[in-house]
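Peer 1: Position in the sequence shown (from 1) plus 1461 gives the number in the working numbering. Backbone N, C-alpha and C fix where the C-beta goes; we use that ideal spot for every residue, glycine too.
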Amino acid sequence: MTTIRNILILTGAGVSAESGIDTFRGAGGLWEGQAVEDVATPEAFTRDPDLVLRFYDMRREAIQTKEPNAAHHALARLDREWPGNLLIVTQNVDDLHERAGAKRVLHMHGEHLNAWCTSCDVRSPWTGPLIDRPACPACGDTALRPDVVWFGEVPYHMEEIFSALREANLFVSIGTSGAVYPAAGFVRNARDLGAATLELNLEPSQGSLWFEEARHGPATELVPAWVE
Ligand code: BV8
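(1) Applying the 10 Å Cβ sphere with the 16-neighbour rule, what's the burial state of residue 1624?
(2) Buried or exposed for residue 1545, please, with buried defined as at least 16 other CB atoms from any protein chain shown within 10 angstroms of its CB.
(3) Exposed or buried, which one is residue 1406 when buried takes at least 16 other CB atoms within 10 Å?
(4) Going by the CB atoms, is the gap between residue 1681 and residue 1551 shorter than 8 Å?
(5) May I ask which residues mark the beginning and end of the beta strand (DSSP E) holding residue 1559?
(6) Going by CA-CA distance only, name the one from 1637, 1644 and 1614 that's closest to residue 1485.
(7) Measure the C-alpha to C-alpha separation of residue 1696 and residue 1508 and round it to an integer number of angstroms.
(8) Can you give me the C-alpha to C-alpha distance between residue 1565 and residue 1593, rounded to a whole angstrom?
(9) Once DSSP output is grouped into helix, strand and coil, what is the label at residue 1563?
(10) For residue 1571, is the classification buried or exposed, using 16 other Cβ atoms within 10 angstroms of its Cβ as the cut-off for buried?
(11) Since I believe residue 1672 is in contact with residue 1659 (beta carbons under 8 Å), could you give me their beta-carbon distance rounded to a whole number of angstroms?
(12) Sorted by chain position, which residues of the same chain lie with C-beta nearer than 6 Å to residue 1675's C-beta, five sequence neighbours on each side aside?
(13) Suppose the cutoff is 6 Å on Cβ atoms and the five residues either side in sequence are ignored; what does the same chain contact list for residue 1605 look like?
(14) In whole angstroms, what is the alpha-carbon distance linking residue 1656 and residue 1629?
(15) Keeping to the same chain, check which residues put their C-beta closer than 8 Å to that of residue 1561; ignore five residues upstream and five downstream.
(16) With hydrogens ignored, establish whether the beta-carbon of residue 1631 is closer than 7 Å to any heavy atom of the ligand BV8.
(17) Under three-state DSSP, which class holds residue 1681?
(18) Taking the beta carbon of residue 1569 as the centre, do at least 16 other beta carbons fall within 10 Å, making it buried, or is it exposed?
(19) Apply the 10 Å Cβ neighbour rule to residue 1517 and answer buried if 16 or more other Cβ atoms are within range, or exposed otherwise.
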């Protein structure tokens, strides 16, 4: 049994569900009846920028009223106390991992609380709406978009993520449906590279079969129990 030194944790919308942030594909659906591929794409932004900006304005405002839950706090504690390498790769664009105190966090799909200027390419912290086309803090142009990775765009931090996958002895996937790549393929990369694999999710994900172990239930129960 390899000693667990390096842990790679992948989180998805399910880790924030109990904080009141809707998941993408759960019942009730986050996407206001829109197909996610119709809103989270550069084509949608070109076709109907107001629709996309309003959608992200609504979500950016909503997350600022939400609090981290017991799963975020347990992961932050693990991050503080774990002596080996530990990396939380989140698909989420909320900041609940950080607000729970986690430090070693990478947002592979971007962050709601940043705006990205398509004119000067600078990303700036942003909490307000973008629908009124505010001026970029860096260059003054009115060319800000959500700093979020849409379908067809390249996820952030892939180099760092793959080098953490190569080092990992344990890969834990928490609260994700395994519907979106390349994140959904990480469990296979981890296995091929010799890591142990664990899924903590409300129900079996699309990738469940690839995990050596899978525990099903709410993250606020499963994650603190696993961290203990
Ligand atoms: C890329 C934006 C190239 C942010 C998102 C065909 C085959 C394979 C791939 C593709 C293909 N066709 C197209 C692709 C590529 C595409 C893709 O995967 N499409 C899918 C639809 C097939 N991927 C891309 O375009 C990506 N880019 O591939 O570039 C590349 C590749 C490698 C290296 C370099 C370049 C970019 C994808 C990013 C898209 N952006 N969001 C935003 O608006 O928020 S995706 C969106 O869905 C989220 O960001 C998230 O990442 C993703 C998955 O959602 P989940 O987080 O899993 O949430 P979901 O609701 O689905 O599931 C929640 C889970 O939680 C459920 O299982 C539920 O049971 C569980 N749960 C619920 N409550 C709880 C719970 N668990 C525990 N406790 C609870 N209480």
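Peer 2: Result, derived from the coordinates:
(1) Counting Cβ neighbours within 10 Å, residue 1624 comes out exposed, since fewer than 16 surround it.
(2) By the neighbour-count rule (16 or more Cβ atoms within 10 Å), residue 1545 is not buried but exposed.
(3) Since the first residue of the chain shown is 1462 and the last is 1689, residue 1406 is not available in this structure.
(4) Result no, Cβ atoms of residue 1551 and residue 1681 do not sit closer than 8 Å.
(5) Careful: residue 1559 lies outside any beta strand (DSSP E), inside the alpha helix (DSSP H) at 1557-1560.
(6) Comparing alpha-carbon positions, the option among 1637, 1644 and 1614 lying closest to residue 1485 turns out to be 1637.
(7) Nothing in the structure corresponds to residue 1696, since the chain is present only between 1462 and 1689.
(8) Taking the straight line joining both Cα atoms gives about 34 Å.
(9) DSSP, reduced to helix, strand and coil, places residue 1563 outside both helices and strands of the structure shown, so it counts as coil.
(10) Result: buried.
(11) The C-beta distance from residue 1659 to residue 1672 rounds to 6 Å, short enough to meet the 8 Å contact threshold.
(12) Excluding residues within five positions, the ones whose Cβ falls inside 6 Å are 1660 and 1669.
(13) Hits under 6 Å: 1576, 1578, 1591 and 1597.
(14) Rounded to the nearest whole angstrom, the C-alpha separation of residue 1656 and residue 1629 is 6 Å.
(15) Counting only Cβ-Cβ distances below 8 Å, and skipping sequence neighbours, we find 1529, 1533, 1534, 1536 and 1537.
(16) Not so, every heavy atom of the ligand BV8 lies at least 7 Å from the Cβ.
(17) Helix at residue 1681.
(18) Of the residues assessed, residue 1569 falls on the buried side of the cut-off, its CB having 16 or more other CB atoms within 10 angstroms.
(19) Around the beta carbon of residue 1517, 16 or more other beta carbons sit within 10 angstroms, so the residue counts as buried.
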